[in-house]
Each structure stands twice: as structure tokens, then as C-alpha cells.
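>
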Amino acid sequence: MLEVQHLIVSLAEPSHVQAQIISKALGEMGISKVETHPNGEALLSRARESRPDLVISAYYLPDMTGQQLLQQMRESADLSGMPFILVSSETNPERLEPIRQAGSLGILPKPFTSGQLDEALANALDFINTESLAMEVDTDLANVQVLIVDDSQTSRRHVRAVLERLGFEHFTEAASGADALPLLESESFQLIIVDYHMPGMDGCELARHIRQNSAQGRTPILMITSETDHDRLAEVEAAGVSACCDKPFSTNKLRDTIRELLQEY
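For the sequence shown, my numbering gives the first residue as -12, with consecutive numbering after it.
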């Protein structure tokens, strides 16, 4: 099991001063192997060679944004599963939401506290050290059919990567609630994972349809969402969603939630 002091970190930060601050903070956590790059392309090129355990990036880089860097990682066969943490003073939700969707394990402000960094690193270690659920549930995970419904292909790819680490093997994907409807009619699923915000039929409406109008009305539904509005979350619960996880989510939280759902249902 990898421990924090053994992490190899690749950092994209154009500011020499900021790079020193982040490297010093990582050093105080016990991390001594930090390789700094002035732009995104330099990090990507080096990461393909050195295979770091974790990528940390600023949002604004000379050649791309942190979102574009993460997007390129997720679309690359050799970097798609690499853990990522954003460190940025950017607060615009429209710019940060795609990074959450792509599975960033932490979004830290500038400046960040040691507690915030510790939590993000813990999420990264949870992801890296994830073990299969196979020995903890009575269900044969190799036979479980999982439906993932999310309008972000990058988000679907990340969720699937985590589920594969947990031992799941069979996945069907849909880009919207409407796209999921015919799949629910033609196939049988033992676990359904949905996003909240999707064009057309959102995750809440899809959950309500499954509970009221589908033969799979007793299938566990897990919603992974960045939604924080209490009224909307109450509506989600009323629609029949079995459990919710935040975006970005803790791998251990997701693991525990899925284990409970499989045992309960």
C-alpha cells in the first residue's frame, strides 16, 4: 500500500514562487519527490515517461488551462487513470465544474491550508490504494451490470475507472436520461449511477421514472453530483435515489456507499 511519503508528484505551475510554496507544503506532508514543470505540455511529455503517482496543476498555464490539461490526461490511454489535484485562485463555477466532472480528487484554493492539502492527498491515496469489493459482498461483481448515466464522457470515463478498481467488469453508458430509457427497457442492471445535471431529462427525473415506470424499480440508484442546494437534494431523495456522493468524490466514500447498496438491495 502506497503511503504519502512515497508519492511521486508532477507539478505544473508557471510561477516559480508558487511552485516553491506548493513544493514546500508537500514537503511538510512528507513528500520529497516533486518534479515541477512550467507548462502543461512539459508535464504531459514527462508524465508519459516517468509515470508519477499524482499530478497537481494550476488552472492558468502558459499553453493551456488546468481543465485542458486534465482533459488531455483523461483522453490519453497511458494517463487517463492518473490522479489529479487542482490548485488555483479561480472561483468561477463554470470553469471549475468541468474539472469536478473529470474526476479531480481535489480543488484547492490559493492559498490553501495544510488541512485542505491533507484531505486532497488522502483522496489521492484512497484512489491509488483502492481494493476490490469482491471479498466484502455476497454479490459476484463479475456478473453485475452497471449503468452509468452522465452527459460528460470524461466523467463517465472516470467513474468507470474507479468501478473497475473496485472489481466491476460490465458497464453500459448513456449520455442523458432520455438515452438511458431504452436501455432500461432492453437490459437488466444491478446498479445505476447517475449525474444530476443533464440536458433534457435530468438525474432526478430519471430516478423518478425508474422508480415509478420501470421494471427495474428496485435497482439501487447512486447519484454523483456537485449539487449542494438542499431543496434540490431533498427532491432527489423523494425521487427515489438510494444514495448520493459529491463531486469530486472520495474513492473510499464511493466504495463504502456501493458496498452498502449491494448489501441492502
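Every residue gets a Cβ at the ideal spot worked out from N, C-alpha and C, and that includes glycine.
Out of T215, S91, E123, L153, which one is the CA nearest neighbour of N116?
Mapped onto the sequence shown, residue 116 falls at position 129. The shortest C-alpha separation from N116 is found at L153.
> Could you tell me whether the segment 63 to 73 touches the segment 13 to 30, where touching means 3 or more Cβ pairs closer than 8 Å?
The segment 63 to 73, when compared against the segment 13 to 30, does not touch it at the 8 Å Cβ threshold.
> Measure from the alpha carbon of Q88 to the alpha carbon of each residue in R246, H217, L57, T78, then state which is nearest.
By one-based count along the sequence shown, residue 88 stands at place 101. Of the listed residues, the one whose Cα sits closest to Q88 is L57.
> Can you list, in chain order, the residues of its chain with a C-beta nearer than 7 Å to that of M188? Leave out the 5 residues immediately preceding and following it.
Here the question's residue 188 lines up with position 201 in the sequence shown. S163, G164, A165.
> I'd like to confirm something about S213: is its beta-carbon nearer than 8 Å to some heavy atom of the ligand SAM, or not?
The model on display carries no ligand, and the ligand SAM is accordingly not part of it.
> What are the residues that DSSP puts in a beta bridge with E160?
Locating residue 160 in the sequence shown gives position 173, where the first residue counts as 1. DSSP output for E160 lists I135 as bridge partner(s).
> Decide if H(-7) is buried, meaning its Cβ has at least 16 other Cβ atoms within 10 Å, or exposed.
Sequence index remark: in the sequence shown, residue -7 carries index 6 (1-based). That one is exposed.
> Ends of the alpha helix (DSSP H) at D113?
Counted from its first residue, the sequence shown places residue 113 at position 126. Counting along the chain, the alpha helix (DSSP H) containing D113 begins and ends at 101 to 115.
> Is DSSP giving S32 helix, strand or coil here?
The residue given as residue 32 occupies position 45 in the sequence shown. Helix at S32.
> Is it the case that the segment 206 to 214 contacts the segment 119 to 128, given that we only count it when at least three CB pairs across the two stretches are under 8 Å?
Cβ pair count under 8 Å is below three, so no.
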